[in-house]
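J.: The numbering of the sequence shown is my numbering, which starts it at 47 and goes up by one.
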Amino acid sequence: MTPAARISAAIEVLDDIIQRRRPAADALKDWGLSRRFAGSKDRAAIASLVYDALRRKASSTHVMGSDTPRALMLGMLARQRGLDLEQVAALCTGEHHAPAPLESEEVDRLVALSLADAPDWVCADVPEWLWPGFSSAFGNEAVAEGEALAGRAPIDIRANRLKTTRETLAGELAHAAPEPGSWSPDALRFQPGADGRGPSLQAEPAFFAGGFEIQDEGSQLVTLLSGAKPGQTVVDLCAGAGGKTLALAALMANSGRLFATDLDARRLAPLHERLARSGASIVEIRIPRSRGHEPLAEIEGQADLVLVDAPCTGSGTWRRNPDAKWRVRPGALAERVKDQAEVLARAARLVKPGGRIAYITCSVLPEENDAAIEAFLARNPGFAALAPAGMLASEHGDFSLLARFATARGLQLSPRRTGTDGFYLACVRRGD
Numbered sequence: 047m048t049p050a051a052r053i054s055a056a057i058e059v060l061d062d063i064i065q066r067r068r069p070a071a072d073a074l075k076d077w078g079l080s081r082r083f084a085g086s087k088d089r090a091a092i093a094s095l096v097y098d099a100l101r102r103k104a105s106s107t108h109v110m111g112s113d114t115p116r117a118l119m120l121g122m123l124a125r126q127r128g129l130d131l132e133q134v135a136a137l138c139t140g141e142h143h144a145p146a147p148l149e150s151e152e153v154d155r156l157v158a159l160s161l162a163d164a165p166d167w168v169c170a171d172v173p174e175w176l177w178p179g180f181s182s183a184f185g186n187e188a189v190a191e192g193e194a195l196a197g198r199a200p201i202d203i204r205a206n207r208l209k210t211t212r213e214t215l216a217g218e219l220a221h222a223a224p225e226p227g228s229w230s231p232d233a234l235r236f237q238p239g240a241d242g243r244g245p246s247l248q249a250e251p252a253f254f255a256g257g258f259e260i261q262d263e264g265s266q267l268v269t270l271l272s273g274a275k276p277g278q279t280v281v282d283l284c285a286g287a288g289g290k291t292l293a294l295a296a297l298m299a300n301s302g303r304l305f306a307t308d309l310d311a312r313r314l315a316p317l318h319e320r321l322a323r324s325g326a327s328i329v330e331i332r333i334p335r336s337r338g339h340e341p342l343a344e345i346e347g348q349a350d351l352v353l354v355d356a357p358c359t360g361s362g363t364w365r366r367n368p369d370a371k372w373r374v375r376p377g378a379l380a381e382r383v384k385d386q387a388e389v390l391a392r393a394a395r396l397v398k399p400g401g402r403i404a405y406i407t408c409s410v411l412p413e414e415n416d417a418a419i420e421a422f423l424a425r426n427p428g429f430a431a432l433a434p435a436g437m438l439a440s441e442h443g444d445f446s447l448l449a450r451f452a453t454a455r456g457l458q459l460s461p462r463r464t465g466t467d468g469f470y471l472a473c474v475r476r477g478d
């Protein structure tokens with residue numbers, strides 16, 4: 047496919063996403079299945095165009111004066127990819143499956159590309175209804191934080207210290223040009239190419255040998271700061287596919303008891319294979335038999351640490367899932383807040399006196415973060431929040447610089463602040 051034909055295809059996929067309000071990944075998959083002539087490079091290039099257009103949906107709508115898929119694509123080509131008018135026009139000839147030629151108004155808007163009179167939520171490419179919470183979280187830096195969340199994300203991996211070291215792994219993957227992580231002692235980073243794609247790390251021998259897992263450095267960092275230690279009894283209460291479970295097992299040096307569970311048993315399915323590859327031997331997977339069943343009832347009041355990777359809007363992962371920010375609705379936020387309260391109540395029953403709950407979200411919205419902890423502390427006077435110094439004290443390194451990103455009750459990471467996804471961590475301790 048020519049570059050112009052790929053743009054036409056991306057506009058078609060965007061129309062499907064918008065009209066049917068469906069995830070971008072589903073629309074891209076369906077498009078590829080119905081057009082077998084498109085090779086893997088074509089599909090990757092089209093996906094990159096679609097995701098880049100979604101990253102800048104609000105600002106492109108403003109500069110182009112329209113929210114049509116074509117307008118989103120033209121605005122993105124000019125603002126995100128830096129094409130000038132002549133380059134955009136050369137891709138829009140109407141010939142050989144190219145988009146139709148530019149209209150006079152489109153030409154004028156592409157020349158102006160002005161956001162001078164745009165509201166802050168447009169400049170930040172954040173949904174308007176979420177802007178009050180978003181701007182409350184970041185204050186004067188909110189627009190810059192939104193712009194960072196609209197960028198592309200790198201690929202991070204966590205060296206599995208049960209099998210290797212970061213230094214050894216960096217040597218094995220030297221051909222892919224890894225960079226050491228800025229915060230996590232186990233992180234290596236790979237920058238995406240011009241097409242938005244990174245190296246095929248899951249085809250590496252070191253991956254099959256269990257030497258690493260793909261995991262954002264922010265996810266690694268909040269797991270590390272949760273405070274898990276060898277010999278403890280630890281619970282990963284919302285384990286899902288097990289990324290943090292595996293990291294906990296490595297931090298515990300395969301010593302102690304580590305329970306992994308999730309209310310949605312289907313999410314736990316990939317964990318079995320990942321455990322076998324990783325060499326983690328202390329993990330006990332507990333699957334709920336029915337709704338309302340507590341699979342960890344026998345250890346209530348015994349856990350040293352309960353890690354709560356709470357269900358949330360995922361606003362901190364907008365770099366990786368740019369379509370998600372435009373599909374989330376106010377009702378969904380309210381539901382997530384309710385879910386967070388329920389899972390924290392479960393955690394409170396499991397933790398022992400003197401033990402802690404590490405509350406984690408991949409969100410930057412205060413309603414899901416500080417407000418959730420404030421509400422929990424109000425309901426549970428036997429718990430107290432740890433100060434940032436208490437969370438950042440670690441034998442794994444010096445994390446004192448992260449104190450700059452402390453909130454009223456926790457710690458907020460973000461692409462602009464820490465170069466990671468937008469993770470939040472708060473730790474609360476049960477009184478003796």
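For each residue, glycine too, the CB sits at the ideal point set by N, CA and C.
Closest by CA to Ala162, which one among Ala55, His108 and Leu292?
T.: For Ala162, the nearest C-alpha among the options comes from His108.
J.: Which same chain residues, not among the five before or five after Ser160, have their C-beta less than 8 Å away from its C-beta?
T.: Once the five neighbours on either side are set aside, the close Cβ partners of Ser160 are Val109.
J.: What number of angstroms, rounded off, separates the C-alpha of Arg332 from the C-alpha of Cys473?
T.: Each residue's Cα considered, the two are about 24 Å apart.
J.: Can you tell me which of the three DSSP states Lys398 falls into?
T.: Strand at Lys398.
J.: Do Val383 and Gln458 have their C-beta atoms within less than 8 Å of each other?
T.: No. Outside cutoff.
J.: Going by DSSP, which residues form a beta bridge with Gln458?
T.: Gln458 is bridged to Tyr470.
J.: Please tell me whether Asp232 and Gln266 are closer than 8 Å, where the distance is taken between their beta carbons.
T.: In contact: Asp232 and Gln266 (Cβ atoms closer than 8 Å).
J.: Could I get the ranges of all uninterrupted beta strand (DSSP E) runs contained in the region 216 to 288, with 3 residues as the minimum, in chain order?
T.: Segments of the beta strand (DSSP E) lying fully in the region 216 to 288: 233 to 236, 258 to 260 and 279 to 282.
J.: Pick from His143, Gly325 and Tyr97: whose alpha carbon is nearest that of Met122?
T.: The shortest Cα separation from Met122 among His143, Gly325 and Tyr97 belongs to Tyr97.
J.: If you draw a straight line from the C-alpha of Ala343 to the C-alpha of Leu396, how long is it?
T.: The alpha-carbon atoms of Ala343 and Leu396 are separated by roughly 8 Å.
J.: For the candidate residues Gln126, Glu441 and Gly244, whose alpha-carbon lies nearest to that of Arg101?
T.: Cα-wise, what sits closest to Arg101 is Gln126.
J.: Any idea if Leu79 is buried or exposed, counting beta-carbon neighbours within 10 angstroms, 16 or more meaning buried?
T.: When all chains shown are included, Leu79 counts as exposed.
J.: Short check: CB of Ser112 to CB of Cys169, under 8 Å?
T.: No. Outside cutoff.
J.: Here's the rule I'm using: 16 or more other beta-carbon atoms within 10 Å means buried, otherwise exposed. How should Leu215 be labelled?
T.: When all chains shown are included, Leu215 counts as buried.
J.: Mapping the DSSP letters down to three states, classify Leu161 as helix, strand or coil.
T.: Of the three classes helix, strand and coil, the one that applies to Leu161 here is coil, per DSSP.
J.: Could you tell me the boundaries of the beta strand (DSSP E) in which Thr114 lies?
T.: It is not in any beta strand (DSSP E) - Thr114 carries neither H nor E in the DSSP assignment.
J.: Between Ala55 and Trp77, how many whole angstroms is the CB-CB distance? I'm expecting something under 8 Å.
T.: Right, the Cβ-Cβ distance comes to about 7 Å (below 8 Å), so this counts as a contact.
J.: Can you list, in chain order, the residues of its chain with a C-beta nearer than 6 Å to that of Arg243? Leave out the 5 residues immediately preceding and following it.
T.: Cβ within range, chain order: Ala90.
J.: Taking contact to mean at least 3 C-beta pairs separated by less than 8 Å, is the region 400 to 418 in contact with the region 371 to 385?
T.: Yes, the region 400 to 418 is in contact with the region 371 to 385.
J.: For Arg455, does the count of other Cβ atoms within 10 angstroms reach 16, so buried, or fall short, so exposed?
T.: Buried is the call here.
J.: Alpha carbon to alpha carbon, how far is Thr48 from Pro238?
T.: Distance between the alpha carbons of Thr48 and Pro238 is about 22 Å.
J.: What is the residue span of the beta strand (DSSP E) that Asp355 lies within?
T.: Element bounds for Asp355: Ala349 to Asp355.
J.: Among residues of its own chain, excluding the 5 on either side of Ala430, which ones have a beta-carbon nearer than 6 Å to its beta-carbon?
T.: Taken in chain order, the residues that qualify are Arg475.
J.: Out of Leu351, Gly286 and Val352, which has the shortest C-alpha to C-alpha gap to Leu321?
T.: The option with the nearest alpha carbon to Leu321 is Gly286.
J.: Please tell me whether, using a cut-off of 7 Å, the distance from the CB of Glu420 to the nearest non-hydrogen atom of the ligand ADP is below it.
T.: This structure lacks the ligand ADP, and indeed carries no ligand of any kind.
J.: Which residue marks the beginning of the beta strand (DSSP E) containing Ile331, and which one marks its end?
T.: Taken as a continuous stretch (DSSP letters only), the beta strand (DSSP E) holding Ile331 covers Val329 to Arg332.
J.: Can you give the beta carbon distance from Ile203 to Gln261, rounded, assuming they're within the 8 Å contact cut?
T.: Contact holds; Cβ gap of about 7 Å.
J.: Given a cut-off of 8 Å, decide if Ala295 and Leu304 are closer than it, judged by their beta-carbon atoms.
T.: Going by C-beta atoms, Leu304 is nearer than 8 Å to Ala295.
J.: Which of helix, strand or coil does DSSP assign to Thr453?
T.: In this structure, Thr453 counts as coil in the three-state DSSP scheme.
J.: Assign Asp444 to one of three DSSP states: helix, strand, or coil.
T.: If DSSP states are grouped into helix, strand and coil, Asp444 belongs with coil.
J.: Could you spell out where the alpha helix (DSSP H) holding Arg323 opens and where it closes?
T.: Here the alpha helix (DSSP H) through Arg323 covers Ala315 to Ser324.
J.: In whole angstroms, what separates the C-alpha of Glu191 from that of Ala205?
T.: If I take the Cα positions, the gap works out to 29 Å.
J.: What first and last residue would you give for the beta strand (DSSP E) that runs through Leu304?
T.: Element bounds for Leu304: Arg303 to Thr307.
J.: Which partner residues does Tyr405 have in the DSSP bridge list?
T.: Answer is Val354 and Ala472.
J.: What separation, rounded to the nearest whole angstrom, lies between the Cα atoms of Ala315 and Ala421?
T.: Using only the alpha carbons, I get a separation of about 33 Å.
J.: Taking just the CA atoms, how far does Trp229 sit from Leu270?
T.: Each residue's Cα considered, the two are about 10 Å apart.
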